[in-house]
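Protein chains in written order, with our numbering: chain X, 1 to 419; chain P, 1 to 95.
The beta carbon of each residue, even a glycine, is placed where N, CA and C say it ideally should be.
Working notes, beginning with the structure itself.
Here is the structure:
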C-alpha cells in the first residue's frame, strides 16, 4: 500500500490518526557518507531523492542550515513553465515540465500541480513579434505555445484592461497552456519524505562552517554539529553560493546574490485562473487555491543577502498589477517578503562537477529556480553519481563564461540585475 | 534605502542606478591577458557583509559614487565620488 492513499487515509482515520509517521526522521549526522548535499532546499532535496532513486546511492546526508522549507523553496511565487527561446534552456525546462506532470504520482505526494497556463502579455508590435519568434522556437522543440489576441485574453480573464487608452495597451500575448503552478511546500516535503524513505539522512539546523580538505581535494565538511566526511560533497545553496564557496577558498564566481520580493493579498473569490505576466516592466501574478493573489516583479537590483527589499520595487510591482487589473485597487496587501537569488552572468544556471576535486556545484538559478526543481535534482544527481553531466546539463558549465559559450536568454550580457 | 550623495545630500534610492561591483579592476585597454579580461567581466566577489560598489546618482547630479554597503543589513558606511577623494571636501565638491 502506498504510504499516502485513500486506504491508508481510511485505516488511519479508524485508528484515530495515531499511527502516521513523520514525513522525515530527525537523525543525528553520521561520521561519514558517500555523498553530502549541502543545502536542504528544493534542489538539494530533489538531488538526494534522485541520487537514491535513479542511482541507488542512499548513504547520503542533506545538510540544512535552517529547517526544510525555510529558504527559497518556500519563498517563490510557484510558477512553472518551459517557455524559453534558447535550445539548452528549452530542452532542460521542458524535461522539468514532463517531470512535474508526473511528480505527484512519482513522489506519492500531492504537489497540487495545476496546469492553468502562463500568459505573457505583449504591449508593442515588436514585442508581439518577439513572442511569436519565441513561440516558434518552443514549438520547433516540441513545447506548446500559442499566440492570443486581446479578445481571447479578455475571455480568459474578464478583469483585465484591454482598452486602447491603457498606458501600455495589450496587443496580444504568448500562452503556454501546459505551464502553471504547484504548491511549493508540498514539493519540499514530498521530496524530503521520498529521500528519507530511501535512506537519506535529512539533517536540519546543521550549518556548514568549513570544508575538510586533503590537498586540493574536498573530503568533507565541518558543521555546527561536528565534522562529517564524504567521498563527494555537492553544494546547492542558491543565494548563499558566494558565502559557502568562500569557505572552500573560492572567492570569485560568476554569481551575484540579489534580493527578490514577493507579495500576497487577502483572499478573494475566484478571480484569475491563469498565471499572467505584464510585459512593460516585470510583474507576474496568480491566484492561490486559498484565494490570495500571489505576485512579484523584478529583483531590487543591488547585491543583497538580506531576504528583504526596498520600497521602489514595491511601488513598481503594485502599479504594474493595477495597470493589468484596475479593479484590484481596493484589495489589501497581506504580506510581503524577500528571497536571495543567485544571479548568474548570463541568466542561465550552473550544474557541474568541480570547481575543486571531490566537489560538485549547482547554482545560478536567478529568480527562476522553482520550476527547475525536478530537472535540477535529476541532472545534478546524474553528474554526482557518474562524474559526468547528463546531456540536459552539459551546457550549464562553470567555465562557459571564460570560454565564451554563454546561454544569454535575454541578451543582456554580464549585468546580473538585468537578467 | 537612503543614500547620502556627497553633492546633493540624502536622497531616496530610487534616484540612483546601481553600476555594480566596485572591486573589479579593468585591465589596461591594450592588455591581451585573456584571463584578466575574463575575470574583470565575469567574476564577482559577492561578499555577505561590507561590499565595495559603484552607484550613479542618475536622477540627480549624475555623479558616479563609490560606496561601501553591507549586503546583510543594507547599511551604508561610506559614500564618495569615484573621481578623487578631494571631492569629499566642501571646496572640491563639484562632480
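Here's the rule: buried if 16 or more other CB atoms are within 10 angstroms of the residue's CB, otherwise exposed. What is residue 64 of chain X?
Its Cβ being crowded by 16 or more others within 10 Å, residue 64 of chain X is buried.
Can you name, in chain order, every residue of its own chain whose Cβ lies under 6 Å from the Cβ of residue 94 of chain P, other than the five neighbours on each side?
Unreliable positioning characterises residue 94 of chain P in this predicted model, as indicated by a pLDDT of 47, which lies under 50. The coordinate reading is nonetheless provided below. Excluding sequence neighbours, residue 94 of chain P sits near nothing in its chain.
Just mark residue 20 of chain X as buried or exposed, buried being the case when its beta carbon has 16 or more other beta carbons within 10 Å.
Burial call: exposed.
For residue 95 of chain X, I'd like the list of residues in its chain whose CB is within less than 6 Å of its CB, leaving aside the five on either flank, ordered along the chain.
Excluding residues within five positions, the ones whose Cβ falls inside 6 Å are 375 and 392.
Taking Cβ positions, are residue 24 of chain X and residue 202 of chain X nearer each other than 8 Å?
Yes, Cβ-Cβ distance for residue 24 of chain X and residue 202 of chain X is below 8 Å.
Could you pull out every unbroken beta strand (DSSP E) segment of at least 3 residues lying fully inside the segment 16 to 43 of chain X, listed in chain order?
With a minimum length of 3 residues, the continuous beta strand (DSSP E) runs that stay inside the segment 16 to 43 of chain X are 32 to 38.
Is residue 75 of chain P close to chain X, meaning its C-beta is less than 8 Å from at least one C-beta of that chain?
With 8 Å as the cut-off, residue 75 of chain P does not count as an interface residue toward chain X.
With H, G and I counted as helix, E and B as strand and the rest as coil, what does DSSP make of residue 419 of chain X?
Correct three-state label for residue 419 of chain X: coil.
Take the Cβ of residue 195 of chain X as the centre, count every other Cβ of all protein chains shown within 10 Å, and call the residue buried at 16 or more, exposed below.
With 16 or more Cβ atoms within 10 Å of its Cβ, residue 195 of chain X is classed as buried.
Quick one: any contact between the segment 290 to 300 of chain X and the segment 246 to 263 of chain X, if contact means 3 or more CB pairs under 8 Å?
Yes, they touch.
Could you tell me whether the Cβ atoms of residue 62 of chain X and residue 42 of chain X are closer together than 8 Å?
Their beta carbons are not under 8 Å apart, which means residue 62 of chain X does not touch residue 42 of chain X by this criterion.
Taking the C-alpha atoms as reference points, what is the distance between residue 320 of chain X and residue 170 of chain X?
Whole-angstrom Cα-Cα distance: 13 Å.
Can residue 354 of chain X and residue 406 of chain X be called in contact, C-beta distance under 8 Å?
For residue 354 of chain X and residue 406 of chain X, no; Cβs fall outside 8 Å.
Apply the 10 Å Cβ neighbour rule to residue 236 of chain X and answer buried if 16 or more other Cβ atoms are within range, or exposed otherwise.
With 16 or more Cβ atoms within 10 Å of its Cβ, residue 236 of chain X is classed as buried.
Cα separation between residue 53 of chain P and residue 45 of chain X?
If I take the Cα positions, the gap works out to 35 Å.
Quick one: what does DSSP say residue 412 of chain X is sitting in, helix, strand or coil?
Residue state, collapsed to three classes: coil.
Could you give the C-beta distance for residue 8 of chain P and residue 57 of chain P, rounded to a whole number, given that I count them as a contact under 8 Å?
With a Cβ gap of about 7 Å, residue 8 of chain P and residue 57 of chain P count as contacting.
Let me know if residue 77 of chain X comes out buried or exposed under the rule of 16 or more other beta-carbons within 10 Å of its beta-carbon.
Result: buried.
Run through chain X and tell me which residues come within less than 9 Å of residue 53 of chain P, C-beta to C-beta.
Near residue 53 of chain P (Cβ distances below 9 Å), the residues of chain X are 302 and 303.
Tell me which residues of the segment 253 to 286 of chain X have at least one Cβ-Cβ distance to chain P shorter than 7 Å, keeping chain order.
Per Cβ criterion, the list reads 253, 254, 255, 256 and 257.
By Cβ distance, which residues of its chain are closer than 8 Å to residue 89 of chain P, with the 5 residues on each side in sequence left out?
The predicted position of residue 89 of chain P is uncertain, since its pLDDT is 47 and thus under 50; a value taken from the coordinates is nonetheless stated next. Nothing listed; no residue qualifies.
Find out if the Cβ-Cβ distance for the pair residue 228 of chain X, residue 220 of chain X is shorter than 8 Å.
Closer than 8 Å, so yes.
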